[in-house]
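What follows is a single structure, written as C-alpha cells, with notes after it.
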Ligand SMILES: Nc1ncnc2c1ncn2[C@@H]1O[C@H](COP(=O)(O)OP(=O)(O)OP(=O)(O)O)[C@@H](O)[C@H]1O
Ligand SMILES: [Mg+2]
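Numbering (the numbering used here), first residue to last: 439 to 755.
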C-alpha cells in the first residue's frame, strides 16, 4: 500500500550484490513526510544494506533513491543535513566523553561554537544523559552507549531519522527510554524509519510495516491492515509426546486450517474457527498416531504474519 501525502523518500527497484550474493533484490517503497515506518526482517534480510544505500553510504548495483525530492549527489550534498542515521554498529570513541563524541559528530555537520554546545546539551538531555556528559563512553552501559548513538544522530535536528536496530543488546530500562525518545520524535512530526526484527517494536512505534526477507519486500502494509489480517481465527499449540521428527504436512490440506508449523516437540496450527478447526485437527492427529500432552489456544499474533509470508520465524535467522 502506498502512503498518502508527499513522498519524502522514494526507493525504486533497488538491487545490491556483494559478489554473487544478492543482499537487496528489487526493493521498492515510498515513505511520506511524518510517517513512521518499520523495516522488519530477520538477520540478513537486507535491512542495513537498504538503509546504507538510502543514506548514501553504499552504492546500489542498480535502482534509485530519491530523498527529500532528489537523488543524493555527493558526500557534501546539503540534503544530508536533513536526515540522521543511528547505525546498527555503535559509532563512538570509547576513550572520549559523551560530550566530546557529540562534538566530533557535530563537526561533521559543520556545527561549532555556541550552536554546537547548545545542540549537544539538548541532545544529551533528550536521551537522559546530561548528567553523564563528561564521563568517558567506556564507562557507560550498553544501553547508555545506544542512547549516545541516538543523540549523535539528533544533533543537527534532522527531519528524517533512520534507526537501525537501536535497541540491540540494551537492558529493558534503556530500551524503554529509546522507545519514549522515538515516540517523542514522532510527536514532533519527524519521519522515522525504524529497523528491527522485533514485531512488538514496530507495533509500538510504527504506523506502517515493510517486511523484508532475503532482500525482497514480502509485505508493505499499515499496522492496522496487518492486524486485521491476523485478528480472525485462533492458533492452537500442541506440546507433542516424544521428540522424534515427524511430517505433519497432511494438516495443511484440512478445511479451515490456515497455517501449520512444527518442531519435534511443538505443533502450531492456525484455524479459522475453534469449533470446526479443532475437531478436524484432532481427528487428523489421531489418524496419524500423533500424541500430545498439552494444548492451548490463543489469538494469533503479528508474528504469525511473518511465518505465513515466509514460512519461518522472525528470529530463526
Ligand atoms: N559488506 C558486505 N560484504 C559481503 N556481504 C555483505 C556485506 N554487507 C552485507 N552483506 C550480506 O548481505 C546480506 C544482507 O545483510 P544486511 O546487513 O543488509 O542484513 P540485515 O537485514 O541488516 O541483518 P541483521 O538483522 O543481521 O542486521 C547478508 O547476507 C550479508 O551477509
Ligand atoms: Mg542490519
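Ideal Cβ positions, reconstructed from N, Cα and C, are used throughout, including at glycine.
Check	Outcome
I'd like the list of long-range same chain contacts for residue 742, defined as Cβ closer than 6 angstroms, with 5 residues on each side in sequence excluded.	668
Is the CB-CB distance between residue 651 and residue 483 below 8 angstroms?	yes
Please state whether the Cβ-Cβ distance between residue 640 and residue 647 is less than 8 angstroms.	yes
May I ask you to report which of helix, strand or coil DSSP gives residue 646?	strand
Around ligand 2, what residues have a beta-carbon under 7 angstroms from a heavy atom of it, in chain order?	485, 486, 526, 602, 603 and 633
Excluding sequence positions up to five away, which residues of its chain have a Cβ less than 6 angstroms from the Cβ of residue 504?	448
Between which two residues does the beta strand (DSSP E) harbouring residue 654 extend?	654-660
Please go through the same chain and pick out, in chain order, the residues whose beta-carbon is closer than 8 angstroms to the beta-carbon of residue 755, but skip the five residues on each side of it.	At residue 755, the pLDDT of 45 sits below 50, so the modelled position is not reliable and the matter cannot be decided from this model.
Whose C-beta lies closer than 6 angstroms to the C-beta of residue 715 among residues of the same chain, with five residues either side of it excluded?	694 and 709
May I ask whether a heavy atom of ligand 1 can be found less than 7 angstroms away from the beta carbon of residue 564?	no
Excluding five sequence neighbours on each side, which residues of the same chain lie with their C-beta closer than 6 angstroms to the C-beta of residue 476?	632, 640, 644 and 647
Do residue 635 and residue 478 have their beta-carbon atoms positioned less than 8 angstroms apart in this structure?	yes
Between residue 445 and the rest of its own chain, which residues show a CB-CB distance below 7 angstroms, the 5 nearest in sequence each way excluded?	468, 469 and 470
Compute every distance between the C-beta of residue 607 and the non-hydrogen atoms of ligand 1, then say whether any falls below 7 angstroms.	no
Relative to the C-alpha of residue 749, which candidate in 594, 615 and 706 has its C-alpha closest?	706
State the start and end residues of the unbroken alpha helix (DSSP H) segment that holds residue 746.	740-748
State whether the segment 459-466 contacts the segment 482-499, with contact taken as three or more CB pairs (one from each stretch) at a distance under 8 angstroms.	yes
Can you pull the DSSP bridge partners for residue 529?	Per DSSP, none; premise fails for residue 529.
What distance in whole Å lies between the Cβ atoms of residue 627 and residue 593, which are believed to be in contact at a cut-off of 8 angstroms?	With 8 angstroms as the limit, residue 593 and residue 627 do not qualify as a contact, their Cβ atoms being about 18 angstroms apart.
Does the distance between the C-beta of residue 461 and the nearest non-hydrogen atom of ligand 1 fall short of 7 angstroms?	yes
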